[in-house]
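2 protein chains.
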Amino acid sequence: MKAEIIAVGTELLLGQVVNTNATFLSEELAVLGIEVYYHTVVGDNPVRLDELLTQAQDRSDLIVLCGGLGPTDDDLTKDTVAAHIHHSLIQDEQALEQLNDYFSFSKNKMTENNLRQTLMIEGGRAIQNPAGLAVGTLVTENDTTYLLLPGPPNELKPMFKKNARPLLEELFPQKEELLSRVLRFYGIGESQLVTELKELIDHQSNPTIAPYAKPNEVTLRLTAKVADHGEGELLLDQLEAKILSQVGDYFYGYGDENSLVEVTVEQLKKAGKTVSAAESLTAGLFQSTLGDVPGVSEVFKGGFVTYSEQTKEAFLGIDPILLEKEGVVSEFCAIAMAEQARILSGADFAVSFTGVAGPDELEGHPAGTVWIGLAEKGKPTIAELQHFTRDRRYIRRSAVMKGLDMVRRAVDK
Amino acid sequence: MKAEIIAVGTELLLGQVVNTNATFLSEELAVLGIEVYYHTVVGDNPVRLDELLTQAQDRSDLIVLCGGLGPTDDDLTKDTVAAHIHHSLIQDEQALEQLNDYFSFSKNKMTENNLRQTLMIEGGRAIQNPAGLAVGTLVTENDTTYLLLPGPPNELKPMFKKNARPLLEELFPQKEELLSRVLRFYGIGESQLVTELKELIDHQSNPTIAPYAKPNEVTLRLTAKVADHGEGELLLDQLEAKILSQVGDYFYGYGDENSLVEVTVEQLKKAGKTVSAAESLTAGLFQSTLGDVPGVSEVFKGGFVTYSEQTKEAFLGIDPILLEKEGVVSEFCAIAMAEQARILSGADFAVSFTGVAGPDELEGHPAGTVWIGLAEKGKPTIAELQHFTRDRRYIRRSAVMKGLDMVRRAVDK
């Protein structure tokens, strides 16, 4: 099974956009046991794309194309592939229905060119787009399979996972099963994790261990290649137990599509507890991150953004004289904010964030100095001093992750 | 001047690394007036790389290769290119000296394979590496020029800028300058924008017009190719004026690195006004987005996250009986939230968000139904009903963008 990925778009050749789709698709295809031999980027030019298809069909069983399914005249991928394999373009009824629904609901004006997005290649299978209007196609001609996906990553990714991957699994079944399990860690860096697990990583064979660093967390993907499902699960269980015996304190959950906020909300739900917040440097990012989780209203009712000294006094009733004396980058301020937010909201827990997002220093403290408070009903309120690095965005995001971890550990107790 | 970029490395084909080098090099080459027609990624495989070189030499004047200059056995780019053009590899004395200095300073043990990094292709010019040990080469054979650079971006970038770019400028002197300008639009979709500008886009030549859709906004990049800088600016001014005469109502700012929130904060600063918010479905995302902008404390002091009916009453003092009667997905609720947030915070403006983030409907309204309120000192408070689509995250982000646009327009008046 040889595959290649062709991204179509002049914006890629001009260096305006990074080809993250090729990276995503390569990772996904590797899991399906499909080997990728080439990535190519070509501009919105049907002649060069057609030449490339001629080469590709000779060397690959599967050609994944991304980009060029949109409404404008330079979106030529569908037309070019259809002409190349001598198929025509036909209307996909489900995509048309989705398009009509979108325009009738959003009240936006539908222009004629939008209809181009609902066309698919005749003889293929339509790939519906859960996050946009352009429909894709999976079509096989002369032993080569063509998969057409849209260019925007926020459309391509859910579309591939939900609608294209199952069709590929059906079309190219694997002889050996690939079982994988993702372990998620917070509070330990990739290099430290790899050093702690050096012995296991150096002697890995089956299952394999692949560490991956994400902003503020690290994941380990354990992958076993087995003939039998039960045997695979057993191998993964054994390896996981070894890993957790060494770095279990940083482990918080499983799965590629999971996150620290989802685990935290889940634990609050299980415990029947609620959380509130008072945010200074994070300016609502903690609460907004909670808001990303569907059904969070069960555990989150609201909170405060107190960016200035005035609002810390006006919204939370913090004594301005003490605040002036202790400073806003202080344990006092973090504890007062968390306690007041908890009392005013009536929640079981409240987190507070106060410190320096940067780029400038504040009260003599460098950017990245952050106090995080945690108030819990019936317990003494605590605050932790953190020193985060990098830029303003990263410092604020790092603070939110630490706040979530503090809540998760408190609920867990 | 046709160019292409070949990245060599199996890690790229496995999806472990994103090909940011191609993006960087494309942008740099565009500025030099060198047009890039293809990006290709191939694994650490000399046979496939050699085949690719055969294709590339027929279609390109310049082939930039990145990756495969390192010390290990799978670093084969130098050997493969040298063999392809029938040149040999020779020792570069400067690189050897740098290597010896490095190992004597760092006290690390130098292994034999490190010497491979100091070899260059005979007949070419060495490209010294200011951030690593692998030397590059620029070599021309049969009218095709080959530029070999290392894979790690932190080596490739300074090496290109400092040592490769001057050689390319010398080899391919530019007759014409490339001037570009980015216009940013909010409130109009890509398909509608290109329909409105169809006449201009169909007849574009110099400057060119390139539309690009981002989540919730569209940008147009205007690019002029000219012998004279002043002439270029004039061409861009004329085209911009034509574009804005048609779709100027949606235009909000310039530049690739700009955003609606930055423009909004800038306008508030200029006007000496402040803004607050009360957020239900957005749960702090509007305020957190403001918080991303350095120096926002001048115009933003704080606000409220009122996710439940209780907190709308407790934090904002909204009448629970009226709220029960009108519902939270209502004009009444949006107006009450915005007004109370403005009064309690003492700000000049306050925005409110209340509605359905989904996935489930609320009070009989489907996901995406959102009321956005805007209170302004001394003016009647207004609220706009919006219907956003897609998933929970997108709906919340769309609402924030609309809220920013409402503030920007109100300040602008």
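In the order they appear, the protein sequences are chains D and V.
Position 199 (the first sequence) corresponds to 198 in numbering that gives the first Met the number 0; numbering is contiguous.
Position 281 (the second sequence) corresponds to 280 in numbering that gives the first Met the number 0; numbering is contiguous.
Quick reminder that beta carbons are idealized off the backbone N, C-alpha and C, glycines included.
Note that the structure is a prediction, hence the values are computed from the model and not measured.
Residue-level contact check: D318(D) does not touch chain V, since none of the beta carbons of chain V fall below 9 Å from its beta carbon.
Scanning S296(D), E323(D) and G301(D) for the CA closest to the CA of Q309(D) turns up E323(D).
With a cutoff of 9 Å on beta-carbon distance, V7(D) and T76(D) are scored as near each other. Chain-ordered, the chain D residues with CB closer than 8 Å to the CB of H386(V) read F104, S105 and K106. According to DSSP, R47(D) shares a beta bridge with no other residue. DSSP, reduced to helix, strand and coil, places Y306(D) outside both helices and strands of the structure shown, so it counts as coil. Contacts with chain V (Cβ-Cβ distance below 7 Å) from the stretch 126-144 of chain D involve A130, listed in chain order. Taken in chain order, the members of the stretch 297-308 of chain D whose beta-carbon sits within less than 8 Å of a beta-carbon on chain V are F299, K300, G301, G302, F303, V304, T305, Y306 and S307. Shown in chain order are the members of the stretch 29-49 of chain V whose Cβ falls below 9 Å from a Cβ of chain D: A29, E34, V35, Y36, Y37, H38, T39, V40, V41, G42, N44 and R47.
Against V193(V), the close residues of chain D are T71, in the order they occur along the chain (beta-carbon pairs closer than 7 Å). Put simply, the backbone Cα of E198(D) is about 30 Å away from that of L114(V). Residue contact with chain V for A212(D): absent (no Cβ-Cβ distance below 9 Å to any residue of chain V).
Contact note: D390(V) reaches chain D through P129, A130 and P157, using a C-beta cutoff of 9 Å and chain order. The beta-bridge partner set that DSSP reports for T222(D) consists of S179(D) and T207(D). For L155(V), the enclosing alpha helix (DSSP H) begins and ends at P152 to M158. The Cβ-Cβ distance between H86(V) and E121(V) falls below 9 Å. The straight-line gap separating the alpha-carbon atoms of L315(V) and F303(D) is approximately 11 Å. Here L51(D) is actually not in contact with I126(D); their C-beta atoms are around 21 Å apart, not less than 8 Å. For the stretch 169-186 of chain D, the set of residues with a beta-carbon nearer than 7 Å to any beta-carbon of chain V is empty.
Of all residues in the stretch 232-255 of chain D, none has a C-beta nearer than 8 Å to a C-beta of chain V. Under the Cβ distance rule, Q203(V) does not count among the residues neighbouring chain D, no pair being separated by less than 9 Å. In chain order, T136, L137 and V138 place their CB closer than 7 Å to the CB of G123(V), counting only its own chain and leaving out the 5 sequence neighbours on each side. Contact of F314(D) with chain V by beta-carbon distance below 9 Å involves G301, G302, F303, F314, L343 and S344. Nearest in C-alpha terms to L155(D), of all of L24(D), S351(D) and V16(D), is L24(D). Beta-carbon to beta-carbon, Q286(D) and E278(D) are separated by about 7 Å, close enough to satisfy the 8 Å threshold.
For M119(V), the closest of L147(V), Y101(V), K108(V) and G326(V) by C-alpha to C-alpha distance is L147(V).
Taking C-beta atoms as the reference points, S344(D) and K300(D) count as a pair closer than 9 Å. A21(V) is a Cβ neighbour of V40(D), given a cutoff of 9 Å. The stretch 162-181 of chain V and the stretch 218-225 of chain V touch, with no fewer than 3 CB-CB distances between them shorter than 8 Å. The beta carbon of T353(D) sits closer than 7 Å to the beta carbons of S279, L280, V327, V328, C332, A333, M336 and W370 from its chain, once the five residues preceding and following it are set aside; these are given in chain order. Ranked by Cα distance from A81(V), the options L98(V), D49(V), D60(V) and D73(V) are led by D49(V). Taking C-beta separations shorter than 6 Å and ignoring five residues to either side along the sequence, the partners of L61(D) in its chain run A2 and T144, following chain order. Residue contact with chain V for G367(D): absent (no Cβ-Cβ distance below 9 Å to any residue of chain V). Excluding residues up to 5 positions away in sequence, G357 and P358 lie with their Cβ nearer than 8 Å to the Cβ of D390(V) in the same chain. By the Cβ-count criterion, L167(V) is buried, with 16 or more other Cβ atoms from all chains shown falling within 10 Å of its own Cβ. Taking the beta carbon of N18(V) as reference, the chain D residues within 8 Å of it are V17, N18, A21, T22 and H38, listed in sequence order.
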